[in-house]
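K.L.:
To start, I am sharing the structure in question, which I have written as structure tokens.
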Amino acid sequence: MRAPIGLLSGTAHAALADSMARALGVAQLPRALERTPDGELLVRVDERVRGRRVVIVQPTAAPVGEHLLEVLLLADACWRVGALGVSAAVPYLGYARQDRRTRAGDALGARVVAGALAGAHLQRILVVDPHNAAVEGGFACPVELLTAVPLLARAAEPHVGDDAVVVAPDLGATKLAQRYAQLLRRPMAIVHKQRLGAADVAAERVIGEVRGRTPVLVDDIVSTAGTIAAAVELLVAQGARTPVMVVATHGLFAPPALERLRALPLARIITTDSVAAPCGDLLAPRDVVPVAPLLAEAIRALEATADPDA
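First residue of the sequence shown? That's 449 in our numbering, and the numbers climb one at a time after it.
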């Protein structure tokens, strides 16, 4: 007889955990998280975890370190109380962009996080559109790489006109833009940028024809919106039409993203709900595509192939 699934939520995105519980038709298991007077995190899971295969739901957005620590402690608590297996649904994986060193002295953050998660007895991790799929190579456990691109393209399609051009805001988003261009059946262009710092970039030139076309900027993450702002400025200078649409899987909207986006000629912003909604008005209409069905479908597929005696 197959052991039942148990769903545990961290504090990063309770609404996503609720949606996943409904999609899977399971109840969330109780847990307690509290702080000691000196700031340490205390985690306790219920005895009902024993004998279950548990999925922890927790995107590791800001504060990244705290949310990552919750995953580690929840996983350890489940393992120690007798869970048959523990997996983590981490739709947004923090530190995934630190997958290479750009100069001597840099830490390889993605590898450090992968090692920490491996030490928490996780059997599998589910991630949606990581910045670089090669990040999987740093994990000791299997990583289920899911993509929200078809869902986002479907949400964008009714708003994409015949004059649209899909634009990668930097070279790193080229393959992503190719997928969107194929799904939306539109031409594509690429913005070549130079990063000036953690939050600032300079767009230098456009590869492809954008004059007289309406850009659909696509990326995996909108963080400070520096890349988006620089790309829009260059596209307009190159004769592109406005307003512009922005489509991205993860809407982090870290400061000063809201201020930058409000200043841009945007028609619409489309993201998933992989992280909790930002506080503040983006001004442009925002469509939010749920990822709970995507994650639930992957979990059901994994359950269907699991050992019934495990």
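Idealized CB from N, CA, C, for every residue including glycine. From a predicted model like this one, the values you see are computed outputs, not experimental measurements.
Could you tell me whether the Cβ of CYS727 comes closer than 8 Å to any Cβ of chain D?
P.N.:
Absence of chain D from the displayed structure is noted, only one protein chain being present.
K.L.:
Quick check for students: name the residue ranges of the alpha helix (DSSP H) that lie wholly in the stretch 704 to 755, counting only runs of 4 or more.
P.N.:
If we require 4 residues or more, the alpha helix (DSSP H) runs fully inside the stretch 704 to 755 come out as 705 to 710 and 740 to 752.
K.L.:
Spatial neighbours of ARG492 within its chain, please: CB distance less than 6 Å, with the 5 preceding and 5 following residues excluded, ordered by chain position.
P.N.:
If we look at ARG492 and ignore the five residues flanking it on each side, its Cβ neighbours are ALA480.
K.L.:
For the stretch 523 to 564, which segments carrying the beta strand (DSSP E) assignment without a break, of at least 3 residues, lie completely within its bounds, in sequence order?
P.N.:
For the stretch 523 to 564, whole beta strand (DSSP E) runs of length 3 or above, ordered along the chain, are 533 to 537.
K.L.:
For the beta strand (DSSP E) that contains THR399, what are its first and last residues?
P.N.:
Given that the chain is displayed from residue 449 to residue 758, the structure contains no residue 399 and the question cannot be resolved.
K.L.:
Check the C-beta distance from THR697 over to VAL576 and give it rounded, since I have them as a contact under 8 Å.
P.N.:
That belief holds up - the Cβ atoms of THR697 and VAL576 are roughly 6 Å apart, short of 8 Å.
K.L.:
Whose C-beta lies closer than 8 Å to the C-beta of ALA469 among residues of the same chain, with five residues either side of it excluded?
P.N.:
If we look at ALA469 and ignore the five residues flanking it on each side, its Cβ neighbours are LEU455, ALA475 and GLN476.
K.L.:
Relative to the C-alpha of ALA525, which residue among ILE655, GLU488 and VAL497 is closest?
P.N.:
Comparing Cα positions, the closest option is VAL497.
K.L.:
With THR622 as the anchor, note down where its alpha helix (DSSP H) starts and where it stops.
P.N.:
First-last of the alpha helix (DSSP H) with THR622: 622 to 632.
K.L.:
Using only the alpha-carbon positions, how far apart do ALA732 and LEU599 sit?
P.N.:
C-alpha separation (whole angstroms): 20 Å.
K.L.:
Do VAL654 and ALA673 have their beta-carbon atoms positioned less than 8 Å apart in this structure?
P.N.:
Not closer than 8 Å, so no.
K.L.:
Should ARG661 be labelled buried (16 or more other beta-carbon atoms within 10 Å of its own) or exposed?
P.N.:
Under this definition ARG661 is a buried residue.
K.L.:
Cα separation between ILE573 and TYR543?
P.N.:
Rounded to whole angstroms, ILE573 to TYR543 spans 15 Å at the Cα level.
K.L.:
Just how far apart, CA to CA, sit ARG634 and GLY687?
P.N.:
Roughly 18 Å separates the two Cα atoms.
K.L.:
Would you check if the distance between the CB atom of ALA582 and the CB atom of ASP611 is smaller than 8 Å?
P.N.:
Contact: no.
K.L.:
Under the rule that 16 or more other beta-carbon atoms within 10 Å means buried, what is PRO452, buried or exposed?
P.N.:
Classification of PRO452: exposed, given that the 10 Å Cβ count is below 16.
K.L.:
Tell whether a beta-carbon distance below 8 Å holds between TYR628 and VAL670.
P.N.:
Cβ distance not < 8 Å, so TYR628 and VAL670 don't count as in contact.
K.L.:
Please classify LEU541 as buried or exposed, where buried requires at least 16 neighbouring CB atoms within 10 angstroms.
P.N.:
Its Cβ being crowded by 16 or more others within 10 Å, LEU541 is buried.
K.L.:
According to DSSP, is HIS515 helix, strand or coil?
P.N.:
If DSSP states are grouped into helix, strand and coil, HIS515 belongs with the helices.
K.L.:
Quick one, which of LEU570, VAL505 and LEU712 has its alpha-carbon nearest LEU464's?
P.N.:
With distances taken between Cα atoms, LEU464 lies closest to VAL505.
K.L.:
Quick check on the DSSP output: the beta strand (DSSP E) that includes PRO663 runs from which residue to which?
P.N.:
Unbroken beta strand (DSSP E) run through PRO663: 662 to 670.
K.L.:
Please classify GLY728 as buried or exposed, where buried requires at least 16 other C-beta atoms within 10 Å of its C-beta.
P.N.:
Exposed.
K.L.:
Do LEU565 and ILE747 count as a contact pair if the criterion is CB distance below 8 Å?
P.N.:
No, Cβ-Cβ distance for ILE747 and LEU565 is not below 8 Å.
K.L.:
With burial defined as no fewer than 16 other Cβ atoms inside 10 Å of the residue's Cβ, what is the status of THR753: buried or exposed?
P.N.:
Per the 10 Å Cβ criterion, exposed.
K.L.:
Identify whether ALA510 lies in helix, strand or coil by the three-state DSSP scheme.
P.N.:
Reduced to three states, the DSSP call for ALA510 is coil.
K.L.:
What does a CB cutoff of less than 6 Å around ALA588 pick up in its chain, not counting 5 residues either side in sequence?
P.N.:
ALA566.
K.L.:
For the beta strand (DSSP E) that ARG602 lies in, which residues bound it at each end?
P.N.:
Element bounds for ARG602: not the beta strand (DSSP E) but the alpha helix (DSSP H), 597 to 604.
K.L.:
Please work out which residues of its chain come closer than 7 Å, Cβ to Cβ, to ALA558, disregarding the five sequence neighbours upstream and downstream, and give them in chain order.
P.N.:
Cβ neighbours of ALA558 beyond the five flanking positions: TYR543, ALA544, GLN546, ASP547, VAL583 and GLY586.
K.L.:
Where does GLY499 fall in DSSP's three states?
P.N.:
Of the three classes helix, strand and coil, the one that applies to GLY499 here is coil, per DSSP.
K.L.:
Where ALA523 and GLY458 are concerned, what is the direct C-alpha to C-alpha distance, given to the nearest angstrom?
P.N.:
Cα-Cα distance, rounded: 11 Å.
K.L.:
Which value, in whole angstroms, describes the spacing of the CA atoms of THR690 and LEU709?
P.N.:
Rounded to whole angstroms, THR690 to LEU709 spans 14 Å at the Cα level.
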